[in-house]
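Below you'll find the structure, written out as structure tokens, and then a few comments.
In our numbering, the protein residues as written are 45 to 149.
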């Protein structure tokens, strides 16, 4: 499990700087830098049906699926970093978020 810190205050799954999901999906198959990645599990606050289904308990240790094949931490589609940070101040869609821990191989 990876320690996941979330700096995306506009995400419905964020509580106290942690993601409330048991795991997230990081996208960016051909990423060269952090900005080329995104949290595909992002859901904006206030999305009605999404909010009613979300988890409310912060989960600092998460399963991270990762499609950023060029990331040094990607081990067979899973993140091997001990800790990651997802950021995206003011994001209203997944493409405005990023994995700040991404490091190109």
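Ideal Cβ positions, reconstructed from N, Cα and C, are used throughout, including at glycine.
query: Would you call the CB atoms of residue 114 and residue 128 closer than 7 Å?
result: Here the question's residue 114 lines up with position 70 in the chain shown. Here the question's residue 128 lines up with position 84 in the chain shown. No.
- request: Report the rounded CA-to-CA distance for residue 48 versus residue 70, giving the unit in angstroms.
  value: Locating residue 48 in the chain shown gives position 4, where the first residue counts as 1. Locating residue 70 in the chain shown gives position 26, where the first residue counts as 1. Answer to the nearest angstrom: the Cα atoms are 12 Å apart.
- request: Please go through the same chain and pick out, in chain order, the residues whose beta-carbon is closer than 7 Å to the beta-carbon of residue 58, but skip the five residues on each side of it.
  value: Within the chain shown, residue 58 is the residue found at index 14, counting from 1. Excluding sequence neighbours, residue 58 sits near 50, 52.
task: Please report how far the alpha carbon of residue 106 lies from the alpha carbon of residue 67, in whole angstroms.
output: For this step, residue 106 is matched to residue 62 along the chain shown. For this step, residue 67 is matched to residue 23 along the chain shown. Cα-Cα distance, rounded: 5 Å.
- request: Could you give the DSSP three-state label for residue 137: helix, strand or coil?
  value: Within the chain shown, residue 137 is the residue found at index 93, counting from 1. Correct three-state label for residue 137: coil.
message: On the criterion of 16 or more Cβ atoms from any shown chain inside 10 Å, does residue 142 qualify as buried, or is it exposed?
response: For the purposes of this step, residue 142 is taken as residue 98 along the chain shown, with counting starting at 1. So residue 142 ends up on the buried side.
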